[in-house]
Amino acid sequence: PDGTILRANQADLDMHGYARDEYVGRHIAEFHVERGIIDDVLSCLHRRETVRDRVAQMRHKDGSIRDVLINSSVLFENGEFVHTRCFTLDITERTRSEQALAESERSLRLVSDNVPALISYIDRDHRYRFVNARYREWLGVDQDTLSGIHMRDMLGQEMYEGRLPYIERVFKGETVRFESDTPHRAYGRRATDVGYVPHIGRDGKVQGFYVLGFDITERKRTEEVLRIR
Numbered sequence: 039p040d041g042t043i044l045r046a047n048q049a050d051l052d053m054h055g056y057a058r059d060e061y062v063g064r065h066i067a068e069f070h071v072e073r074g075i076i077d078d079v080l081s082c083l084h085r086r087e088t089v090r091d092r093v094a095q096m097r098h099k100d101g102s103i104r105d106v107l108i109n110s111s112v113l114f115e116n117g118e119f120v121h122t123r124c125f126t127l128d129i130t131e132r133t134r135s136e137q138a139l140a141e142s143e144r145s146l147r148l149v150s151d152n153v154p155a156l157i158s159y160i161d162r163d164h165r166y167r168f169v170n171a172r173y174r175e176w177l178g179v180d181q182d183t184l185s186g187i188h189m190r191d192m193l194g195q196e197m198y199e200g201r202l203p204y205i206e207r208v209f210k211g212e213t214v215r216f217e218s219d220t221p222h223r224a225y226g227r228r229a230t231d232v233g234y235v236p237h238i239g240r241d242g243k244v245q246g247f248y249v250l251g252f253d254i255t256e257r258k259r260t261e262e263v264l265r266i267r
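Structure (structure tokens):
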């Protein structure tokens, strides 16, 4: 009840880097980075609440910090708090991967929002998952509005069906480039130079594809004028 460690399995000892006699018998808060978290966990347990997936940080013997998830409940006998049963899951690598992914996404957004191209990402179900600032301005919508929308609903049935052959090719791992019309909120359809670039996952399979579009309307008009002359 007071937070003293009574027993620990080998996985728990390995997670913290301590021998059994260095760990058992000490207060659990000694191994936590933030004392307030373990105090709160103990308070919840004393109120007969079950602790589920509580995020915390624990200090390894070598001084490194481990990100963990805590799940804990209490054994009560005749209304008396006997001891807790605590399951601690090390999520350090998962947290680092999530942070790396978030940083990668921030970098992608920073770069894509500052290039003169329409950029979007389409998943395996043909749904928008990302659009850059230029494309959002082009369409007059925000990211939340577009996220999850099917290409068919964005482009219209006819245009979507016209792009299906290119989509089939990109999902075979091929980079595809073609000219097409892209709807603009103010000017209707604009001539665009479009590229589909496959996103290949670690398993070697195409997870989705990036769409890069460049407005070539003025260039096409100039070419038409020169052709007529």
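Residue numbers for the sequence shown follow our numbering, beginning at 39 and rising by one. Positions of the beta carbon are idealized from the N, C-alpha and C atoms, including for glycine.
By the Cβ test, the region 219-230 is not in contact with the region 238-249, since fewer than three Cβ pairs between them sit closer than 8 Å. Under the three-state reduction of DSSP output, residue 76 falls in the helix class. Here DSSP, grouped into helix, strand and coil, assigns residue 234 to strand. Secondary structure within the region 90-168: the beta strand (DSSP E) runs of 3 or more consecutive residues, fully enclosed, are 103-115, 118-128, 156-161 (chain order).
DSSP lists 230 as the beta-bridge partner residues of residue 218. Comparing alpha-carbon positions, the option among 249, 45, 72 lying closest to residue 155 turns out to be 249. Within its own chain, no residue has a Cβ closer than 8 Å to the Cβ of residue 266 once the five positions on either side in sequence are excluded. Between the region 54-67 and the region 81-90 there are fewer than three C-beta pairs closer than 8 Å, too few to call the two in contact. Here residue 39 is not near residue 125, since their CB atoms are 8 Å or more apart.
Minimum Cα-Cα distance from residue 247 among the listed residues 140, 198, 171, 162 corresponds to 162. Contact between residue 72 and residue 95 is confirmed by a C-beta separation of about 7 Å, below the 8 Å threshold. Contact between residue 258 and residue 229 is confirmed by a C-beta separation of about 5 Å, below the 8 Å threshold.
From the listed residues 144, 59, 158, the smallest Cα separation to residue 45 is found for 59.
Less than 8 Å separates the beta-carbon of residue 91 from that of residue 107. When DSSP states are grouped into helix, strand and coil, residue 42 belongs to the strand group. The shortest C-alpha to C-alpha distance from residue 97 to any of 166, 128, 181, 82 is the one to 128.
A direct Cα-to-Cα measurement between residue 232 and residue 185 gives close to 20 Å. Within the model, the alpha-carbon separation for residue 180 versus residue 194 is close to 19 Å.
Excluding sequence positions up to five before and after residue 150, its CB lies within less than 7 Å of the CB of 157, 170, all in the same chain and listed in chain order. Beyond the five residues adjoining it in sequence on each side, residue 133 comes within less than 6 Å, by CB distance, of 105 in the same chain, given in chain order.
Spatial neighbours of residue 53 in its own chain (CB-CB distance under 6 Å, excluding positions within 5 residues in sequence) are listed in chain order as 128. Judged by their CB atoms, residue 164 and residue 103 are not nearer to each other than the 8 Å cut-off.
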